[in-house]
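Following the working numbering, the numbering of the sequence shown begins with 250 at its first residue and continues without gaps. Here the structure is laid out as structure tokens; the discussion comes afterwards.
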Amino acid sequence: MILVTGATGQLGTAVLDNLLQHTPAQQVAALVRDEAKAATWQAQGVSIRVGHYGDPASLDRAMQGIEKVLLISGGGEDDALQQHYHVIDAAKKAGVRCLAYTSRALKDPSSLANHLMVRHFQTEEYLQASGLPHIIFRNILYMDTLPLFTGPTVLETGISLPGGQGRVAYALRSEMGEAIAKVLLAGTCDNRIYHFTGAEAYSFTDVAAALTELSGRQVAYTDVENEVLAGRMRERGVPEVAIERTIGFMTDIKHGQEDIVSSDLATALGRQPASLVEGVKLLYKL
Numbered sequence: 250m251i252l253v254t255g256a257t258g259q260l261g262t263a264v265l266d267n268l269l270q271h272t273p274a275q276q277v278a279a280l281v282r283d284e285a286k287a288a289t290w291q292a293q294g295v296s297i298r299v300g301h302y303g304d305p306a307s308l309d310r311a312m313q314g315i316e317k318v319l320l321i322s323g324g325g326e327d328d329a330l331q332q333h334y335h336v337i338d339a340a341k342k343a344g345v346r347c348l349a350y351t352s353r354a355l356k357d358p359s360s361l362a363n364h365l366m367v368r369h370f371q372t373e374e375y376l377q378a379s380g381l382p383h384i385i386f387r388n389i390l391y392m393d394t395l396p397l398f399t400g401p402t403v404l405e406t407g408i409s410l411p412g413g414q415g416r417v418a419y420a421l422r423s424e425m426g427e428a429i430a431k432v433l434l435a436g437t438c439d440n441r442i443y444h445f446t447g448a449e450a451y452s453f454t455d456v457a458a459a460l461t462e463l464s465g466r467q468v469a470y471t472d473v474e475n476e477v478l479a480g481r482m483r484e485r486g487v488p489e490v491a492i493e494r495t496i497g498f499m500t501d502i503k504h505g506q507e508d509i510v511s512s513d514l515a516t517a518l519g520r521q522p523a524s525l526v527e528g529v530k531l532l533y534k535l
């Protein structure tokens, strides 16, 4: 049986939906905080395990009868790293045969501006040291973040971000979920690290060009200073922690942290992942 943690989140939902297309629901379990949010899966026969990363006792219960665990990385809580450790510890205690973790495809963890991302590599180290057979999915930045970065009025105002000409090999979250499900169902657990990225890396200039092509409107990209973006976000009432993290993402993009390109996603999918134009058309409904 495969247990998907963070099951009601966007990536967890994508993985679960794809698992259920290829394996009986009785072979799938979902770890959720709120059982009511998993009613549809429960009706299909998925085993619902109630618990959360910060509650080791609930994790011990959730791991019973589980052979393989997908640990979807937690959020930005101060104790998020310790929460990851709790899941790994519970899996080892329960005799789980394989633990897969959703990490990040970043070029140099030692020089990241977005310090929250360092937790991924600390989790990787803990997992590798645990002795558990494992799989690590290093996922590139979701293409789905583009509308959040560019804002709702991008077709009128263009893109103004401090990303320089940094490039990102964006991939759709849905395709990552599909690929993760396929790898989990393949049955191998050989301590492999997958780099799930798009087939090409793109700058915000490329994003603007895609929006121009698809909308018929002229969309330009302007590289601005960090403080310009921070000021605009403050005007919209965005919390300081969110501003700091967004600028961290932009700085890492500018410095080439996200421009890794790998064929792993295409191999797992059995096809080329969506291109920038295909993804932008979908995400911006153009």
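Even for Gly, the Cβ is constructed at its ideal location relative to N, Cα and C.
Straight-line gap, residue i to residue j (C-alpha atoms, nearest Å)
i: A354; j: T471; result: 26 angstroms
i: Q313; j: A263; result: 24 angstroms
i: S307; j: A343; result: 12 angstroms
i: T394; j: M250; result: 32 angstroms
i: P358; j: E462; result: 35 angstroms
i: V487; j: R481; result: 9 angstroms
i: I315; j: A288; result: 21 angstroms
i: A292; j: G436; result: 26 angstroms
i: M392; j: L434; result: 25 angstroms
i: D513; j: G465; result: 34 angstroms
i: H333; j: Q521; result: 32 angstroms
i: K431; j: N267; result: 8 angstroms
i: A523; j: Y302; result: 33 angstroms
i: A515; j: G426; result: 13 angstroms
i: G413; j: Y350; result: 31 angstroms
i: T257; j: L330; result: 20 angstroms
i: I384; j: F370; result: 13 angstroms
Alpha helix (DSSP H) segment containing residue i, residue limits
i: T454; result: 453-464
i: S379; result: 367-379
i: P305; result: 305-311
i: G261; result: 259-271
i: P396; result: 395-399
i: H333; result: 329-342
Run of the beta strand (DSSP E) containing residue i, from where it starts to where it stops
i: S352; result: 347-353
i: S409; result: 408-410
Sheet register partners of residue i (DSSP bridge)
i: Q387; result: Note that residue 387 is Arg in the sequence shown, not Gln. Answer is S352, H444.
i: V318; result: L252, L348
i: A278; result: L252, S296
Buried or exposed by the 16-neighbour rule on C-beta atoms within 10 Å, applied to residue i
i: G519; result: exposed
i: E284; result: exposed
i: A340; result: buried
i: Q506; result: buried
i: A378; result: exposed
i: E476; result: exposed
i: P411; result: buried
i: G528; result: buried
i: V403; result: buried
- Query: Hey, which unbroken runs of the beta strand (DSSP E) at 3 residues or more fall wholly within the stretch 417-447?
  - Reply: 441-445
- Quick one: complete alpha helix (DSSP H) runs, 4+ long, within the stretch 451-534? 453-464, 475-484, 489-503, 513-518, 525-532
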